[in-house]
Amino acid sequence: NQDASTKTNYSGGIQGGISNGMDIYFNVAFKPVATVIQSYETIDKEGNKVTTKGKGRHDPCVVPRAVPIVEAMTALVLADYMLLNRTIRVK
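For the sequence shown, my numbering assigns the number 409 to the initial residue and increments by one for each residue that follows.
In structure tokens, the structure reads:
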């Protein structure tokens with residue numbers, strides 16, 4: 409190609425640990441969030457302080473928060489590798 413991009417992006421945008429300029433794709437998995445069995449203080453709908461404790465296996469759903477979590481961690485990892493690349497290498 410004229411812009412030196414690859415014909416396909418089967419590598420997910422990373423080749424040999426280096427970005428090839430294509431979109432970066434990766435798979436993500438989440439483990440189930442554990443129920444908090446320990447008592448903790450919180451507030452109810454009216455704003456009153458209450459103490460609550462988890463009972464049984466009523467795990468929260470993290471799906472609504474999954475996208476911001478993955479985006480934030482991706483940005484942190486990419487920034488970390490960019491800074492690592494800029495460091496002086498002592499031989």
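No residue lacks a Cβ here, since even glycine has one placed at the ideal position from N, Cα and C. For clarity, every value in this text was computed on a predicted model and none was experimentally measured.
- Remark: C-beta atoms of residue 421 and residue 411 do not approach each other more closely than 8 Å.
- Here the C-alpha atom of residue 418 lies approximately 13 Å from the C-alpha atom of residue 424.
- Closest in alpha carbon position to residue 448, among 461, 483, 456, is 461.
- Of all alpha-carbon atoms in 439, 489, 483, 459, the one lying nearest the alpha-carbon of residue 446 is that of 459.
- Restricting attention to 414, 440, 428, 429, the CA atom closest to the CA of residue 474 is found in 440.
- By the CB criterion at 8 Å, residue 438 and residue 485 fall outside the cutoff.
- Distance from the CA of residue 497 to the CA of residue 472, rounded to the nearest whole angstrom, comes to 41 Å.
- Annotated as distal: residue 428 and residue 416, with beta-carbon spacing of 8 Å or more.
- Under the three-state reduction of DSSP, residue 477 is assigned to helix.
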